[in-house]
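Peer 1:
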Amino acid sequence: METVRTLLDLQKMDLTILRLSKELDEMPEKRAILVARAKIADIGKLKERTTGVLRHMDQAASVLEDAIAGIKVKMVSEQAKLLSGEIANPKELQAVSLELDALRRRTEQLEGELLVQMQKREDGAAQAAKIDRALAEGARREAELTARFKSRGGEILSRIEAEKHARATLAAALPGDVFARYEAAREAHHGLGVGPLTGSMCGACRVSLPAGKVQELLNGPELGTCPNCGRILVVREP
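First residue of the sequence shown? That's 10 in the numbering used here, and the numbers climb one at a time after it.
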């Protein structure tokens with residue numbers, strides 16, 4: 010009878026561990042943490058795209074600034090020609106003047122494009138700042154949820170560890186062949202490996218057994234096997 014009592018206690022303990030583990034998995038904080046992390050990941054992807062766009066804007070602005078600087082250097086050179094008095098030919102003077110006018114128009118055009126680019130960059134920077142704030146808020150929310158999960162979940166984990174420690178003691182007290190049968194049945198049937206024979210019914214699968222099989226079980230040892238589900242049957246409870 011001691012084996013039967015230990016086996017039933019072990020089953021009860023395993024069901025408690027399963028219940029606590031399910032409670033841990035179904036904690037609202039855990040689900041909320043997963044949602045928060047998914048949101049942070051989405052915002053992180055948006056930040057990567059925004060950073061790439063800003064980098065492209067900076068490169069485009071740099072190209073415009075270089076082009077403007079290059080044109081201004083050329084304008085200084087052309088103006089120096091006019092002021093130097095070296096060019097006496099009217100056609101050459103006219104050509105230099107026309108070139109300077111063209112360079113001024115091109116400069117104005119490029120400066121206009123640069124202003125537009127700078128405005129886009131400013132708008133992009135503002136969007137990036139919003140994204141950074143959203144990431145910071147997401148991280149704060151995740152940290153808060155994690156702290157709450159650790160607080161409550163830590164208590165559940167401690168209980169699970171205590172149950173597992175006590176389980177090891179019970180398992181060691183069972184005969185090796187009985188423990189092996191129980192473990193095989195428990196793993197095959199989602200944690201429920203043993204049930205009592207209640208009248209003619211298996212207490213695990215709730216199926217009524219044939220009268221002949223019931224009598225055979227009653228005439229046999231205190232632990233049998235359910236012909237329907239294969240779990241261990243406690244024929245006579247302590």
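Glycine included, C-beta positions come from ideal geometry on N, C-alpha and C. In this text the structure is predicted, and so the values were computed from the model without any measurement.
1. In chain order, what residues of the same chain lie with their CB nearer than 7 angstroms to the CB of L27, ignoring the 5 residues before and after it?
2. Please work out which residues of its chain come closer than 6 angstroms, Cβ to Cβ, to L19, disregarding the five sequence neighbours upstream and downstream, and give them in chain order.
3. Bridge partners for I241 per DSSP, in chain order?
4. In whole angstroms, what is the alpha-carbon distance linking M22 and A137?
5. Please classify M210: does DSSP put it in a helix, a strand, or coil?
6. Alpha carbon to alpha carbon, what distance is there between L33 and R168?
7. I'd like to know whether the C-beta atoms of I49 and A148 end up nearer to each other than 8 angstroms.
8. For the region 40-98, which segments carrying the alpha helix (DSSP H) assignment without a break, of at least 4 residues, lie completely within its bounds, in sequence order?
9. In the DSSP assignment, find the alpha helix (DSSP H) that holds R195 and state where it starts and stops.
10. Between E146 and L166, what straight-line distance do the alpha-carbon atoms span, to the nearest angstrom?
11. Bridge partners of S30, per DSSP?
12. Determine the closest residue to L7 out of K90, P236, R150, with distance taken between C-alpha atoms.
13. Assuming L55 and R130 make a contact with CB atoms under 8 angstroms, what is their CB distance in whole Å?
14. Excluding five sequence neighbours on each side, which residues of the same chain lie with their C-beta closer than 6 angstroms to the C-beta of V216?
15. Per DSSP, which one or two residues make a beta bridge with S217?
16. May I ask you to report which of helix, strand or coil DSSP gives E120?
17. Have a look at A220, E246, P205 and flag the residue whose alpha-carbon is nearest the alpha-carbon of G239.
18. Please go through the same chain and pick out, in chain order, the residues whose beta-carbon is closer than 7 angstroms to the beta-carbon of R14, but skip the five residues on each side of it.
Peer 2: Reading it off the structure:
1. G200
2. L179
3. Under DSSP, I241 forms a beta bridge with V203, T234.
4. 53 angstroms
5. strand
6. 11 angstroms
7. yes
8. none
9. Run containing R195: 185-197, per the alpha helix (DSSP H) assignment.
10. 29 angstroms
11. Note: S30 sits in no beta bridge, so no partner.
12. Residue 7 lies beyond the residue range present for the chain, which begins at 10 and ends at 247; the question has no answer from this structure.
13. At roughly 18 angstroms, the Cβ-Cβ gap does not stay under 8 angstroms, so L55 and R130 are not in contact.
14. N237
15. M210.
16. helix
17. P205
18. P247
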